[in-house]
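Worksheet: one structure, shown below.
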Amino acid sequence: MDKRNNIFILFFMKILKLVSTEKEYESFIGDVEEFYDELISEKGWYSSTTWYIIQIIKSIGVNFPVFLIWRFTMLKNYFKIALRNIKNYKTYSFINISGLAVGLASCILVFLWLNDEMSFDKFHDNSNELYRAISITTAADQTISSARTPTGIGAALVEQYPEFINYTRYQCFEGTLIEANERSLLCNYLGVADQSIFEMFTFDFISGDSETALTEKYSIVLTESLAETFFGDEDPVGKIMNLQIRREPFKVTGVIEDLPENSHIHFDCILPFSVCYDWFHAEPAGWEPSMYYTYLQTEKGIDRESVSEKIKGIIKENDQNSLTELDIQSLKDIHLSSDLLGDMDNYKKGNIKFIYIYGFTALGILLIACINFMNLSTAKSSRRAKEVGLRKVVGARKKQLLNQFLGESVILTLVALVFSITIVRLLLPAFNSLTDKNLVFDMSMNYIIIAGCLGITLLTGLLSGVYPAFILSTLNPVKGLRDKGLKGGRGGILLRKALVITQFVLSVILIAVTLAVYDQLDYISNKPLGYEPEGIIIPGGYLFWNRNPEPVKNELLSNPDIFSISQGIPPSAELTGNNSFSWAGKNPDEVLTFYTAYVDQYYLETYGMDLVEGRFFSKEYGADLSKLVVNETAANVFGDNSPLGKVLRYRIQDFDTGEFNIFEGEVIGVLKDYHQGSLHNEIEPTVFIHSRGHPYTSIKYNEDKTADVLKFIEQIWGKYVDYPYTYTLLNETIENFYTNDRKTGKVFMSFALLAIFISCLGLFGLTSYTTEQRKKEIGIRKVLGTSNSGITFLLFREFFVGLAVSLVLACPIAWVIMRKWLESFAYRIDPGIVTLLTACFLATITVLISISIQLIKAAGANPVDTLKYE
Amino acid sequence: MIPLSRREEQVLLAIWTLKDKAYLLSIKKHLSTVTDTDWSLSIVQKPLIQLEKKGYITTNMGEATPVRGGRRKKMCHITKSGIDALKALRKEQDILWEDFLNIEVRTIR
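Sequence lines, in order, name chains H and U.
Here this note's numbering runs 5 ahead of the position in the first sequence, where the first position is 1.
Here this note's numbering runs 1299 ahead of the position in the second sequence, where the first position is 1.
Next comes the structure, spelled out in structure tokens:
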């Protein structure tokens, strides 16, 4: 065997080549070869080859320290030069570092946010094996996917399919008053679940037995913070707690650690699921649609697709009338990629859309900052031409120069990183309130964050440095060392222009989208809803819960500032769909979904709505109880004829008994369409059912005396209810529908401002450079008689071309993005030319401001100064 | 004057002896013969690098021979300051050894 093919020898030779100089390597290998030939005849192949290898390895040991020292010396030099450059060109360094720092800071913030969003529900030990069952109901032309599933499916799945090993049903109720230890406090989230929740999910017990915590019917498990507010340092296990509306006493059987913020399941205390059998008539193993969620634990490494194919028909097998198919979704997808009915109960539901929006805009800003760096470093490359020339003459190779300049940009980015960390620390509180999160920026704790920051920095440094490094390292040393320095090539200037155009395309897009978001928000807040949302208070449900409403109402109405009271579901609430409606002449195969709203006879006047046809429910008590009113959209569903007098049959679950009953009702009126819920949704066909004693009560009052009225209602509340006073104002509730949209607006606004700021900084630097280059030309032109304004125009012209191109490019892209965002609204503005033109105008103005100072200064310079020859 | 280590001293003297034929392998062979122990190449290589850094020798790439696979030799030449360093070292050692040598003479007597 030839030693040259020995993989060991080749490997070590490679290393030796890397660590030693070229000459050293050549002569050393030569020496080894020479002696090897002598040795082989003397000692044989085996021992001489061993000797060969040993010689090479030993030589690596000798050369390596030398190699290190040289590297270090060179590095020290590079470092020194880099710092000297930062110091000597203060404007450039300021523009580059501030741009990069802002870009990095926005990236780090978004990275923190992303990291948190992605971590949702991953802290459970079994998180890979946990799934949530979902139901997909297909009726006629529409499919409704819901996160809520029948109560019986969990047990059936575990029994019939070996893939499933455990299940739990879960639901969380809001705002319940709890009484214990002579204290009475509001618990925000009250959960119910099967005992198995503690086997499947990782909730750590502080005290109590995790294996039996929820097995007894009237047991309750508290979170640490709730336990502390009630019992302080005492161990609450075995203590008794009372839930205000249900008088049964509950025994505390355990305390768990507070649930982490990144869990979509969120409760302050949890009760066994069996309480729902009594309270809400939940069937222990029903196949009817229910309001509960089912979580499943599977065997390790199952294939979701094939399992969901298998279990698809299980509901139809057990309930012939059902139109529902079953599916499962991974626990880890619930926070971000789930878009189902009932999802809104998820704690701090996220949206994958925002991941993209935030991620891309932050990257866009970083890109703008990188472009600044590229532009400025290539523009000033002539200033370093001498250095490059000298280095080349002394023997620097292209690769070394490339490394030097790449290293320089990385050093600059590292400096920017230091600033950006400060920026992040300063901005984090504002960012937290914007994103409704509790992010912390602690470098020492989180390796992912450190790695992320350094990763982004290194990437930025390399990205922004690679082009300038390439340009600088390919300079011809002869040209570089010539006195006159370098004029940037034609290609360089073109590329610089292209980069500036990219920057402005990005900025204009961001401005345009921001404008569209704000226009839409403006449109929403000014759009007539079809009712008057002002001056309506909705007190908490307990005021009328299980109580004769008349005395309370009379007492309230005795105040002259209270105009009317309506018991019924308010227009801000989400209605439930019902597809059981039928009437004479309806095609029996057609499945239509109507939404049902329970209202009383005062609904119309309280909300100031209008009737189109017929009449509303009579004020006379008890009359019209079996009559119905529909809205215009519903009337259109019935066809061309007037719906008045039509008798509708429908099936509805009774809340008290849990039974499904068939009702019939005659349509007596058509209500003018109004917007139920938010403007994200379209107006749905709605049937208004006459009801009495609905716990939701809307009180219309004199807006000018809000404070007095609130106090008055509080007094009456205190008289009837031993429960903290809660209320909502309808117009505030409606405002809250658009919180997310307003946040998007703010995010875009801040990003757009940053983008335009950084690109203007870059442009400022570039202008100052180009005008300086053309100093002599301007001087000569002035000497030959061009006026100041003529020169200014000449200089402006160059930028106008680039600006015009970027505006033309940006408009279509911005238009597409605006449309995309607006699609989530059923009622939206039509973003037209005006929005785009405004964006273009704003961008142009800022560009003009940032370059005009430089240009006018250059145009006004005295030609004597610029043309004099030293 | 930068001090010489024992190895450097030996290598430098070998280069002096070998004159124009001094390169890594010839130095190794020479020292192996003189000291009657096997010197590995890298043991010579390290002092050579040091000596060059200290300026006691200069190197240039010599002619290529077929036996080396066409690779050139790195020839070593002792410099003026190398010779000075050797002289100084010798002088220093003479002084240091003087007393010991005297004792030896006495004991033999």
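C-beta: ideal position from N, C-alpha, C; glycine also.
Predicted, not measured: the structure shown is a model, and the values here were computed from it.
Worksheet item: For the stretch 1336 to 1346 of chain U against the stretch 1302 to 1321 of chain U, are there 3 or more C-beta pairs whose distance is under 8 Å?
Response: yes
Item to complete: Take the Cβ of residue 869/H as the centre, count every other Cβ of all protein chains shown within 10 Å, and call the residue buried at 16 or more, exposed below.
Response: Residue 869/H is classed as exposed because its beta carbon has fewer than 16 other beta carbons within 10 Å across all chains shown.
Discussion item. For residue 1354/U, would you say it is in contact with chain H, using Cβ-to-Cβ distances shorter than 8 Å as the test?
Written reply: Chain H contact via Cβ: absent.
Worksheet entry | Residues, ordered as in the chain, of the stretch 1358 to 1376 of chain U that lie near chain H by beta-carbon distance below 7 Å | 1360, 1366, 1367, 1368, 1370, 1371, 1372, 1373
Worksheet item: Which same chain residues, not among the five before or five after residue 491/H, have their C-beta less than 8 Å away from its C-beta?
Response: Confidence at residue 491/H is low in this model, with a pLDDT of 49, below 50, so the placement of that residue should be treated as unreliable; the coordinate-derived value is given next. Result list for residue 491/H: 386, 387, 390, 480, 484, 485, in chain order.
Practice prompt. Tell me whether residue 277/H sits in a helix, a strand or coil according to DSSP, three-state version.
Written response: For residue 277/H, the secondary structure class from DSSP, reduced to helix, strand or coil, is strand.
Worksheet item: On the three-state DSSP scale, how would you describe residue 705/H?
Response: strand
Worksheet item: Do residue 156/H and residue 139/H have their C-beta atoms within less than 8 Å of each other?
Response: no
Worksheet item: When the cut-off is 8 Å and only beta carbons count, does residue 1380/U lie next to chain H?
Response: Taking Cβ atoms only, chain H never reaches closer than 8 Å to residue 1380/U, which makes this a no.
Discussion item. Is residue 1301/U close to chain H? Criterion is C-beta to C-beta, closer than 8 Å.
Written reply: No, no contact with chain H.
Fill in: Integer-rounded CB distance, given that residue 422/H should sit under 8 Å from residue 877/H
Residue 877/H cannot be examined here, being either before or after the span of chain H that is shown, 6 to 875.
Practice prompt. Just confirm the distance between the C-beta atoms of residue 301/H and residue 162/H, as a whole number of angstroms; I'd bet it's less than 8 Å.
Written response: In this structure residue 301/H is in contact with residue 162/H, their Cβ atoms being roughly 6 Å apart against a cut-off of 8 Å.
Worksheet item: Taking the alpha-carbon positions, what's the residue 435/H to residue 752/H distance?
Response: 11 Å
Discussion item. For residue 517/H, count the other beta carbons within 10 Å of its own beta carbon; 16 or more makes it buried, fewer makes it exposed. Which is it?
Written reply: With 16 or more Cβ atoms within 10 Å of its Cβ, residue 517/H is classed as buried.
Item to complete: Step through the CB atoms of chain U and report whether any lies within less than 8 Å of the CB of residue 35/H.
Response: yes
Worksheet item: Going by beta carbon distance, what residues of the same chain come within less than 8 Å of residue 840/H, once the five residues before and after it are set aside?
Response: 517, 520, 521, 524, 823
Worksheet entry | Residues near residue 6/H by beta carbon distance below 8 Å, same chain, minus five either side | Note that residue 6/H scores 44 on pLDDT, short of 50, meaning its location in the model is unreliable; the coordinates nonetheless yield the value given after this. So no residue of the chain qualifies.
Worksheet item: Is it right to say residue 809/H is buried, meaning 16 or more other beta carbons lie within 10 angstroms of its own, or is it exposed?
Response: exposed
Fill in: The beta strand (DSSP E) enclosing residue 536/H, as first and last residue numbers
Taken as a continuous stretch (DSSP letters only), residue 536/H belongs to no beta strand (DSSP E), as it is neither H nor E.
Item to complete: Look up residue 177/H in the DSSP assignment and give the residues it is bridged to.
Response: 196/H
Worksheet entry | Cβ-Cβ separation, residue 693/H to residue 633/H (assumed contact under 8 Å), whole Å | Yes, they are in contact, since the Cβ atoms of residue 633/H and residue 693/H sit about 7 Å apart, within 8 Å.
Discussion item. Which same chain residues end up closer than 6 Å to residue 244/H when comparing Cβ atoms and leaving out the 5 residues on each side of it in sequence?
Written reply: 257
Worksheet item: For residue 75/H versus residue 442/H, is the C-beta spacing smaller than 8 Å?
Response: No, the pair does not count as a contact, with Cβ atoms beyond the cut-off.
Discussion item. Once the 5 residues before and after residue 469/H are set aside, which same chain residues still bring their CB inside 6 Å of it?
Written reply: 375, 378, 379, 414
Item to complete: Verify the CB distance criterion: does residue 1345/U have a CB-CB separation below 8 Å to chain H?
Response: yes
Discussion item. Judging by CA-CA distance, which residue of 859/H, 312/H, 34/H, 549/H is the nearest neighbour of residue 731/H?
Written reply: 549/H
Fill in: Cα-Cα separation between residue 3/H and residue 532/H, rounded to whole angstroms
Only positions 6 to 875 of chain H appear in the structure, and residue 3/H is not among them; the question remains open.
Worksheet item: Quick one: does residue 1317/U have its CB under 8 Å from some CB of chain H?
Response: no
Discussion item. Please report the straight-line C-alpha distance between residue 545/H and residue 735/H, rounded to a whole angstrom.
Written reply: 12 Å
Practice prompt. Tell me whether residue 1376/U sits in a helix, a strand or coil according to DSSP, three-state version.
Written response: Look at residue 1376/U here: in three-state DSSP terms it is strand.
Worksheet item: What did DSSP end up calling residue 483/H once you bin it into helix, strand or coil?
Response: Residue state, collapsed to three classes: helix.
Discussion item. For residue 732/H, report the span of its beta strand (DSSP E) as first-last.
Written reply: 732 to 734
Item to complete: Per DSSP, which residues does residue 695/H bridge with? Please list them.
Response: 604/H
Item to complete: Please name the residues in the stretch 1331 to 1343 of chain U whose beta-carbon is closer than 7 Å to at least one beta-carbon of chain H, in chain order.
Response: 1339, 1340, 1341
Worksheet item: chain U partners of residue 60/H, CB-CB under 9 Å?
Response: 1339, 1340, 1341
Discussion item. Please return the same chain residues whose Cβ sits closer than 8 Å to the Cβ of residue 871/H, not counting the five positions on each side in sequence.
Written reply: Listed in chain order, the non-local C-beta contacts of residue 871/H below 8 Å within the same chain comprise 780, 781, 783, 784, local neighbours out to five positions each way being set aside.
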